[in-house]
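K.L.:
Take a look at the following structure, please.
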Amino acid sequence: MGFWKKIAINSIIFIALAYLIPGFTVRSVWTAFGASIVLSIVNVSVKPVLHIFSLPITIMTLGLFSFIINALMLSLTSFFVGPGFSFSSFGVTLLVSLLLSLAQNMIQDKHDY
């Protein structure tokens, strides 16, 4: 799947989740678009380092700690984007992270494997 297609899909998912989940705020379509771009940059630059440092705990939790790392990436994205993209608690961030991962896996192209 192409970069801009992934950005557009993430933006749509963010808007849908903001509508469905109380405590998750996305001010506008452009905010969702910007957050998608920031999230992709954070995922490329910060996430690999966190995965390496957290490898022992990720192994002990059989990979479940990866969901915490994804939620931290969303929190960092929220920090960079500002008040137009916010979460009321870390629990809401974790829920959005789980649903975002689920939606992305359901939507991805079959030839991406």
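My numbering runs 1 ahead of the 1-based position in the sequence shown.
In this text, a Cβ means the ideal position worked out from N, Cα and C, and glycines have one as well.
1) With V27 as the anchor, note down where its alpha helix (DSSP H) starts and where it stops.
2) Checking 8 Å against the spacing of the C-beta atoms, do F88 and V97 come in under that value?
3) Using a 10 Å radius around the Cβ and a threshold of 16 neighbouring Cβ atoms, would you call N106 buried or exposed?
4) Report the residue from I22, V50, A104 and V39 whose alpha carbon sits nearest the alpha carbon of S76.
5) State the DSSP-derived secondary structure class of S87, mapped to helix, strand or coil.
6) Inspect the beta-carbon positions of R28 and G64 and report whether they are closer than 8 Å.
7) Taking DSSP as the reference, what is the three-state secondary structure of G3?
8) Spatial neighbours of L100 within its chain, please: C-beta separation below 7 Å, excluding the five flanking residues on both sides.
9) Between T26, I58, P57 and M74, which has its C-alpha nearest S46's C-alpha?
10) Going straight from the alpha carbon of L21 to that of F54, what length do you get?
11) Please classify V30 as buried or exposed, where buried requires at least 16 other C-beta atoms within 10 Å of its C-beta.
P.N.:
Working from what's here:
1) Per DSSP, V27 lies in no alpha helix (DSSP H) segment; the continuous beta strand (DSSP E) that holds it begins and ends at F25 to V27.
2) Contact annotation: F88 and V97 have beta-carbon atoms nearer than 8 Å.
3) So N106 ends up on the exposed side.
4) Of the listed residues, the one whose Cα sits closest to S76 is V39.
5) Strand, per DSSP.
6) Between R28 and G64, the C-beta spacing is not below 8 Å.
7) Looking at G3 - three-state DSSP - the assignment turns out to be coil, as it is neither helix nor strand.
8) For L100, where only same-chain residues beyond five positions count, the Cβ hits under 7 Å are L18.
9) Of T26, I58, P57 and M74, the residue nearest in Cα terms is M74.
10) CA-to-CA, the gap between L21 and F54 works out to about 34 Å.
11) With fewer than 16 other Cβ atoms within 10 Å, it is exposed.
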